[in-house]
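This report concerns only the one structure given below.
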C-alpha cells in the first residue's frame, strides 16, 4: 500500500450513529461509506473502536492507501458555544483589515485565558457593526466612530480531544481537524446530505464566515490565512 493519500477520511460520532466516508482529494467524490445506527442502550455493546475495526482496513484496501489522518465530526454535549462581542473606537477613521485582525486576536486571547482547558474548534463571525449598525459584509473603506464584531467560538475540552486522539492512535491515525456536529447540522439543516459530507463542505469553505481553528495548517486563503499568520 502507498503511504501517500489522495483521499480524505471523515468520521462522524453522533448520539445515534457512527459513520465513516472517504472522498477523493481530486474531485471530492465519495469512494467509501458505511454507517451504523444504534440506540443509547447499545453504546456499551458496540463502541467506536468496534466500528473503526470494521471499516479502516476496508477503506485502506479499497483505496490501496493507508489512512494517515481523519477529520472527526463530533456531537458531544461537552462542546460549548461561546458568544463574544468586541468594539474598537476608530475616531471616524477608516476600518482596516488590521483592525479586524486585532479584534479577533483580542477575542482569541480572552478565550485562551478564560477557557484554558479548551481547544477552539470554530470561529464564526455573526455580525460586523459600524457605529452600532450591522453591515452586510466587512469593507475596509467604512469610515466610522466605532467598529464591532460579534462572533461565536465553538470549543471542546482538551481532555475530550485527547480521548479521541488516543482512540485513533491505536490505528496510527492522527486527527487532522475536529468539527462540531451540531453546528454543521444546523448550518445544513435544509440540505439532504449526511454528516460526513457536511464536514467536507465546511472544510471546503462553504461558510465564508467560519474558520476551523484547531489546526493551523489550513488551506483557507485570503483573510483567514492572514488570521492564522497573525498568531504564529
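Numbering (my numbering), first residue to last: 19 to 250.
Using N, Cα and C, we set each Cβ at its ideal position, and we do this for glycine too.
This one's a predicted model, so the numbers in the text were calculated from it and none came from an experiment.
Closest Cα partner of residue 163 within the set 30, 149, 153 and 174: Here the question's residue 163 lines up with position 145 in the chain shown. The shortest Cα separation from residue 163 among 30, 149, 153 and 174 belongs to 149.
Sheet register partners of residue 27 (DSSP bridge): On the chain shown, position 9 is the one that residue 27 refers to. For residue 27, which the question treats as bridged, DSSP gives the partners 40.
Segment contact, 8 Å Cβ cut-off, at least three pairs: the stretch 132-146 with the stretch 72-87: In this structure the stretch 132-146 does not touch the stretch 72-87; the number of beta carbon pairs closer than 8 Å is below three.
Outcome for residue 26 when other beta-carbon atoms lying within 10 angstroms are tallied against a minimum of 16: Translated into the one-based positions of the chain shown, residue 26 becomes position 8. Buried.
Sub-8 Å separation of residue 91 and residue 183 beta-carbons: In the chain shown, counting from the first residue as 1, residue 91 sits at position 73. In the chain shown, counting from the first residue as 1, residue 183 sits at position 165. No.
N-terminal and C-terminal residue of the alpha helix (DSSP H) that residue 130 is part of: For the purposes of this step, residue 130 is taken as residue 112 along the chain shown, with counting starting at 1. Where residue 130 is concerned, the enclosing alpha helix (DSSP H) stretches over 115-132.
Contact check, residue 185 vs residue 66, beta carbons under 8 Å: To locate residue 185, count along the chain shown from 1; it is residue 167. To locate residue 66, count along the chain shown from 1; it is residue 48. Going by C-beta atoms, residue 185 is nearer than 8 Å to residue 66.
Exposure label - residue 79; buried when at least 16 CB within 10 Å: One-based indexing of the chain shown puts residue 79 at position 61. Burial call: exposed.
Supposed contact pair residue 42 and residue 52 - C-beta distance, whole angstroms, cut 8 Å: Within the chain shown, the letter at position 34 stands for residue 52. Within the chain shown, the letter at position 24 stands for residue 42. Residue 52 to residue 42, Cβ: 17 Å. No contact.
Beta bridge counterpart(s) of residue 54 as assigned by DSSP: As a first step, residue 54 must be located in the chain shown, where it is residue number 36. For residue 54, which the question treats as bridged, DSSP gives the partners 36.
Within 8 Å, strictly: CB atoms of residue 50 and residue 39: Mapped onto the chain shown, residue 50 falls at position 32. Mapped onto the chain shown, residue 39 falls at position 21. It is a contact, given that the beta carbons lie within the stated cut-off.
Distance between beta carbons of residue 174 and residue 87, contact taken as under 8 Å: Taking the first residue of the chain shown as position 1, residue 87 is located at position 69. Taking the first residue of the chain shown as position 1, residue 174 is located at position 156. Contact flag wrong, Cβ pair sits at about 17 Å.
Of the residues 208, 187, 207 and 217, the one placed nearest residue 71, counting alpha carbons only: Position 53 of the chain shown holds residue 71. It is 187.
When 228, 166 and 172 are compared against residue 95, the one with the closest alpha-carbon: Taking the first residue of the chain shown as position 1, residue 95 is located at position 77. Of 228, 166 and 172, the residue nearest in Cα terms is 172.
Assigned secondary structure, residue 69 (DSSP; H/G/I helix, E/B strand, else coil): Locating residue 69 in the chain shown gives position 51, where the first residue counts as 1. The answer is helix: DSSP assigns residue 69 an H, G or I state.
Cα-Cα separation, residue 68 to residue 31: Translated into the one-based positions of the chain shown, residue 68 becomes position 50. Translated into the one-based positions of the chain shown, residue 31 becomes position 13. Looking at the two C-alpha atoms, the distance is approximately 13 Å.
Pick from 178, 207 and 103 that is closest to residue 141, judged by C-alpha positions: Against the chain shown, residue 141 aligns to sequence position 123. Nearest of 178, 207 and 103 to residue 141, Cα basis: 103.
Distance between beta carbons of residue 112 and residue 160, contact taken as under 8 Å: As a first step, residue 160 is located in the chain shown; it is residue number 142 there, counting from the start. As a first step, residue 112 is located in the chain shown; it is residue number 94 there, counting from the start. Confirmed, Cβ separation roughly 7 Å.
Straight-line gap, residue 203 to residue 116 (C-alpha atoms, nearest Å): Taking the first residue of the chain shown as 1, we reach residue 203 at position 185. Taking the first residue of the chain shown as 1, we reach residue 116 at position 98. For residue 203 and residue 116, the distance between alpha carbons rounds to 32 Å.
Minimum C-alpha distance to residue 205 - residue among 196, 216 and 195: Residue numbering aside, residue 205 sits at position 187 when the chain shown is read from its first letter. If we check each option's Cα against that of residue 205, 216 comes out closest.
Residue range of the unbroken alpha helix (DSSP H) whose run includes residue 213: Your numbering for residue 213 matches position 195 in the chain shown. Element bounds for residue 213: 213-221.
For residue 194, three-class secondary structure by DSSP: The residue given as residue 194 occupies position 176 in the chain shown. Strand at residue 194.
Among 97, 101, 29 and 121, the one whose alpha carbon lies nearest that of residue 77: Taking the first residue of the chain shown as position 1, residue 77 is located at position 59. Comparing Cα-Cα distances from residue 77 to each of 97, 101, 29 and 121, the minimum goes to 29.
Same chain, Cβ closer than 8 Å to residue 240, five either side skipped, listed in chain order: Your numbering for residue 240 matches position 222 in the chain shown. Legend: pLDDT at residue 240 = 48, less than 50; position of this residue unreliable, value from coordinates given subsequently. Correct list: empty, nothing qualifies.
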